[in-house]
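Engineer: Just so we're on the same page, the working numbering is the position in the first sequence counted from 1, plus 1288.
Where is the CB? At the ideal position from N, CA and C, for every residue including glycine.
Before I ask anything, here is the structure I am working with.
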Amino acid sequence: MKPEPLSETFVQEESYQTESTSKDRRTSSDSEHNFTDDEQTSDIEFDLDPRFLNTKYECLRPTPLKPKYNQSLVELLEVIEHSRELNGEERNALSYRHAIAALKAYPHNIKSYAEARKIIGVGPKIGNHIKEFLTTDTIPEAEEILASEKYQTLDIFSRVYGVGYKTALKWYRKGYKSIRECMRDPYLTHIQRLGLELFNDFQKKMSRQDIQELLGILDTIIKSIYSDCIITPVGGYRRGKEFNGDLDVVVSHPQEEIANNLLKDIVEKLMDTGHLKHKLFYARNKKDTSSELLSSHRNVMDKLDKCFCAFIQPSTQICRQVDLIIAPYSQYSTAVLGWTGSKQFERSLRNYAKKERNMTLTSHGLFLNVIPKRQVHVTSEREIFNILGIPWVEPEMRNC
DNA sequence: AAAAT
């Protein structure tokens, strides 16, 4: 669980060397470039601590859940990032996420603008926010966002299951101020109504003990159907988070035929036992002829069988969100890797595979992008890291 | 449009 120092051999690899040149760093910062006043200041000599791997690929360095440094700076930048997301400014939010990820992995408190600007992912705009932070101990824009009624309202509405930023904005424009008012909206979808009704329960975070209780139940019930099932908790719980809003579980079985029908079997059983109160999302995907997997049309969510459930926790009677994901045995390790996250870690892994290794990584498998595309069979997370030439990162260090 | 990482 300790943050493994990246190995010497890896640091000397050419892909890392090229990224860390100051010429290269220019290409990866803010999407909105605005080089004006600070063109000179950013070129001040400043050598970053060599323990910090300065790269645009977050998956190459360990990122702890609770950074030792730059905590309040990160919190403020996260406010801006979230506000960008709520405004549908996905690309801009991504810029903030890159900078935040770097700061979480950075082994010092940032002490100067010049220092900040040496970090790949910190461009002029975020650099200036950091400059503000260094002199005022806050970021004015973040303070404004936190104080704005619009942000506060959108933030709450978007936490409702079944509500994204577009619906949140729609409700805000209708003048709704509370969850209760939203419940009277005449155009609610079935899922949104459910999301609103479950809002209070779903807001309650689960301790690791709560999750262990759920895992115990799932283990017993699933193995009572097929004793050879493999059950792996993933998501934030696997990354070591103390409190989680949901529980994600990847389930598989060595026999293909059994794994094929596993979702239906498990969901039926959980309905019978009374644990499963609502199916929030259910997707059984037609069985692939494996040519489907090789096709490159990109999908938003993966094609693994899955059911997002409202699951009653016996000891508290609180409804918990439990996401069940079924993986064919041959896709088990990529599914576990993909569902462990963080979102940013996965994004960088996939980018790295594509750009640096000419490979495609998805939760369905690892592929070599030659013509024709060829699947590289893998049986463990470690094997995937090895093939990609990435030093192993513990799940607890994937919190970028 | 939303569902997850």
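Assuming Arg1662 is part of the alpha helix (DSSP H), what are its boundary residues?
Structural biologist: No alpha helix (DSSP H) holds Arg1662; the beta strand (DSSP E) holding it covers 1662 to 1664.
Engineer: Exposed or buried, Met1494, counting other C-beta atoms within 10 Å across all chains shown (16 or more means buried)?
Structural biologist: Buried, since its Cβ has 16 or more Cβ neighbours within 10 Å.
Engineer: So, at 7 Å on beta carbons, what are the nonlocal neighbours of Glu1669 in its own chain, with the 5 sequence-adjacent residues on each side left out?
Structural biologist: Cβ neighbours of Glu1669 beyond the five flanking positions: Ser1621, Val1624, Leu1625.
Engineer: Contact between the region 1356 to 1364 and the region 1650 to 1670: three or more CB pairs below 8 Å?
Structural biologist: Judged by Cβ distances under 8 Å, the region 1356 to 1364 makes no contact with the region 1650 to 1670, as fewer than three pairs qualify.
Engineer: Would you tell me roughly how many angstroms separate the C-alpha atoms of Ile1235 and Leu1382, rounded to the nearest one?
Structural biologist: There is no way to answer for residue 1235, as the model of the chain reaches only from 1289 to 1688.
Engineer: Would you say Gly1483 and Gly1450 are within 8 Å of each other, going by their C-beta atoms?
Structural biologist: Closer than 8 Å, so yes.
Engineer: Can you tell me whether Pro1679 is buried or exposed? The criterion is at least 16 other CB atoms within 10 Å of its CB, across all chains shown.
Structural biologist: The residue in question, Pro1679, is buried, as its Cβ has 16 or more Cβ neighbours within 10 Å.
Engineer: Which residues share a DSSP beta bridge with Ser1495?
Structural biologist: For Ser1495, which the question treats as bridged, DSSP gives the partners Phe1531.
Engineer: Does the Cβ-Cβ distance between Phe1596 and Cys1607 come in under 8 Å?
Structural biologist: No, these two residues do not count as a Cβ contact at 8 Å.
Engineer: Rounding to the nearest angstrom, what Cα-Cα distance links Asn1573 and Leu1353 in this structure?
Structural biologist: Cα-Cα distance, rounded: 34 Å.
Engineer: Closer than 8 Å is the cut-off here; do at least three beta carbon pairs connect the region 1497 to 1509 with the region 1530 to 1538?
Structural biologist: Yes: at least three Cβ pairs fall under 8 Å.
Engineer: Rank Pro1602, Ala1393, Thr1426 by C-alpha distance to the C-alpha of Ile1408 and give the top, closest one.
Structural biologist: Closest option to Ile1408, Cα to Cα, is Ala1393.
Engineer: At what residues does the alpha helix (DSSP H) containing Lys1642 begin and finish?
Structural biologist: 1631 to 1645 is the extent of the alpha helix (DSSP H) around Lys1642.
Engineer: Would you mind giving the Cβ-Cβ distance between Arg1527 and Glu1363, rounded to the nearest angstrom? I have them listed as a contact below 8 Å.
Structural biologist: 19 Å between Cβ atoms; not a contact.
Engineer: Looking only at its chain, what residues have a beta carbon closer than 7 Å to the beta carbon of Glu1366, apart from the 5 residues adjacent to it on each side?
Structural biologist: Around Glu1366: Ile1388.
Engineer: From Lys1462 to Lys1552, what distance separates their C-alpha atoms?
Structural biologist: Each residue's alpha carbon lies about 40 Å from the other.
Engineer: Would you identify the three-state DSSP class for Gly1409, choosing helix, strand or coil?
Structural biologist: The answer is coil: DSSP assigns Gly1409 none of H, G, I, E or B.
Engineer: Going by alpha carbons, who is nearest to Val1610 out of Tyr1617, Thr1604, Lys1594, Ser1618?
Structural biologist: Minimum Cα distance to Val1610 is reached at Lys1594.
Engineer: What would DSSP say about Phe1445, mapped onto helix, strand or coil?
Structural biologist: Three-state DSSP puts Phe1445 in a helix.
Engineer: Please name the residue, chosen from Tyr1475, Pro1395, Ile1368, Asp1443, that lies closest to Glu1432 on a Cα-to-Cα basis.
Structural biologist: That would be Ile1368, whose Cα lies nearest to the Cα of Glu1432.
Engineer: Could you tell me which of Cys1347, Gln1632, Leu1550 sits nearest to Ser1515, measuring between CA atoms?
Structural biologist: Measuring from the Cα of Ser1515, the nearest candidate turns out to be Leu1550.
Engineer: So, at 7 Å on beta carbons, what are the nonlocal neighbours of Gly1452 in its own chain, with the 5 sequence-adjacent residues on each side left out?
Structural biologist: Excluding sequence neighbours, Gly1452 sits near Ser1446.
Engineer: If you draw a straight line from the C-alpha of Gly1415 to the C-alpha of Leu1336, how long is it?
Structural biologist: Rounded to whole angstroms, Gly1415 to Leu1336 spans 16 Å at the Cα level.
Engineer: Between Ile1510 and Ile1554, how many whole angstroms is the CB-CB distance? I'm expecting something under 8 Å.
Structural biologist: Yes, they are in contact, since the Cβ atoms of Ile1510 and Ile1554 sit about 6 Å apart, within 8 Å.
Engineer: Using DSSP bridges, identify the partner residues of Cys1607.
Structural biologist: Partner(s): Ile1600.
Engineer: Note down, in chain order, each residue of its chain lying with its Cβ closer than 7 Å to the Cβ of Arg1385, except the 5 sequence neighbours on either side.
Structural biologist: Excluding sequence neighbours, Arg1385 sits near Glu1369, Gln1632.
Engineer: Tell me whether Tyr1475 is buried or exposed, calling it buried when 16 or more other Cβ atoms sit within 10 Å of its Cβ.
Structural biologist: By the neighbour-count rule (16 or more Cβ atoms within 10 Å), Tyr1475 is not buried but exposed.
Engineer: Pull up the distance between the alpha-carbon of Gln1619 and that of Tyr1460, whole angstroms please.
Structural biologist: Between Gln1619 and Tyr1460, the C-alpha separation is close to 42 Å.
Engineer: Measuring only the C-alpha atoms, how far is Leu1457 from Lys1661?
Structural biologist: Between Leu1457 and Lys1661, the C-alpha separation is close to 42 Å.
Engineer: Would Tyr1345 and Asn1639 be called neighbours here (beta carbons separated by less than 8 Å)?
Structural biologist: Contact: yes.
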